[in-house]
Amino acid sequence: MDLSYYETLKSYPVHFDIAADNLLWRNGRIYALIDFANIANYRDALLMDLAWAIHFCAVNKKTRASYNKILLKALIDGYTDKRSLSKEDAQALPSLLAITNASDTEFFYNSSRKTPDQKELKIKSQIKLTKWALRNKGYFLKMSLSHG
254 MDLSYYETLK SYPVHFDIAA DNLLWRNGRI YALIDFANIA NYRDALLMDL
304 AWAIHFCAVN KKTRASYNKI LLKALIDGYT DKRSLSKEDA QALPSLLAIT
354 NASDTEFFYN SSRKTPDQKE LKIKSQIKLT KWALRNKGYF LKMSLSHG
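In this text, residue positions in the sequence shown follow our numbering: the first is 254, and each later residue adds one.
Next up, the structure:
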């Protein structure tokens, strides 16, 4: 996993919790993002917020082992309506998803009252998601080129 490009990106205040719970909907469209309580604590590349949005909102709910390509496309389309996604961004995104998966697993494992079996299932699911993202790098590149 090469993070050299990610390390060159400028750091900004980021939300870091673009989950379904923090989205307000109207007429089938997202119209607001809420819960900025910790924004002063988080600075990272803007691309990382896209990775967190994908992580929280685009997981295939049936298998929990891949991302739903329709939701993934919708998130990337929404992102690129406001900010371009370069070829380099698209190539970095699978690695950033690996970071979000690892971070979420660590948070879940350490702060959860889940059983050991539930924790093991979470870890296995996150490993599968990471492998899917890294195997499908071309999909992310295709998405960026369709907006370029």
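Don't be surprised by glycine CBs; every beta carbon is placed ideally from N, CA and C.
My output table needs one value for residue i: the three-state DSSP class, helix, strand or coil.
| i | result |
| --- | --- |
| residue 388 | helix |
| residue 338 | coil |
| residue 329 | helix |
| residue 361 | helix |
| residue 375 | helix |
Could you check if residue i is buried or exposed, using at least 16 other CB atoms within 10 Å of its CB as the buried criterion?
| i | result |
| --- | --- |
| residue 371 | exposed |
| residue 397 | buried |
| residue 374 | exposed |
| residue 273 | exposed |
| residue 332 | buried |
| residue 368 | exposed |
| residue 316 | exposed |
Given this structure, state the Cα-to-Cα distance separating residue i from residue j, to the nearest angstrom.
| i | j | result |
| --- | --- | --- |
| residue 264 | residue 304 | 15 Å |
| residue 256 | residue 337 | 20 Å |
| residue 341 | residue 392 | 13 Å |
| residue 346 | residue 300 | 8 Å |
| residue 268 | residue 399 | 26 Å |
| residue 281 | residue 314 | 19 Å |
| residue 357 | residue 376 | 10 Å |
| residue 380 | residue 360 | 15 Å |
| residue 288 | residue 279 | 18 Å |
| residue 334 | residue 291 | 26 Å |
Anyone know if the C-beta pair for residue i and residue j falls short of 8 Å?
| i | j | result |
| --- | --- | --- |
| residue 259 | residue 325 | no |
| residue 312 | residue 387 | no |
| residue 378 | residue 298 | no |
| residue 354 | residue 308 | yes |
| residue 286 | residue 276 | yes |
| residue 271 | residue 302 | yes |
| residue 295 | residue 385 | no |
| residue 328 | residue 351 | no |
| residue 344 | residue 390 | yes |
Based on DSSP bridge pairs, tell me the residues matched to residue i.
| i | result |
| --- | --- |
| residue 265 | 297 |
| residue 283 | 278 |
| residue 210 | No answer is possible for residue 210: it lies beyond the span of the chain, which begins at 254 and ends at 401. |
Does chain C have any CB closer than 8 Å to the CB of residue i?
| i | result |
| --- | --- |
| residue 384 | Absent from the structure: chain C. Only one protein chain is present. |
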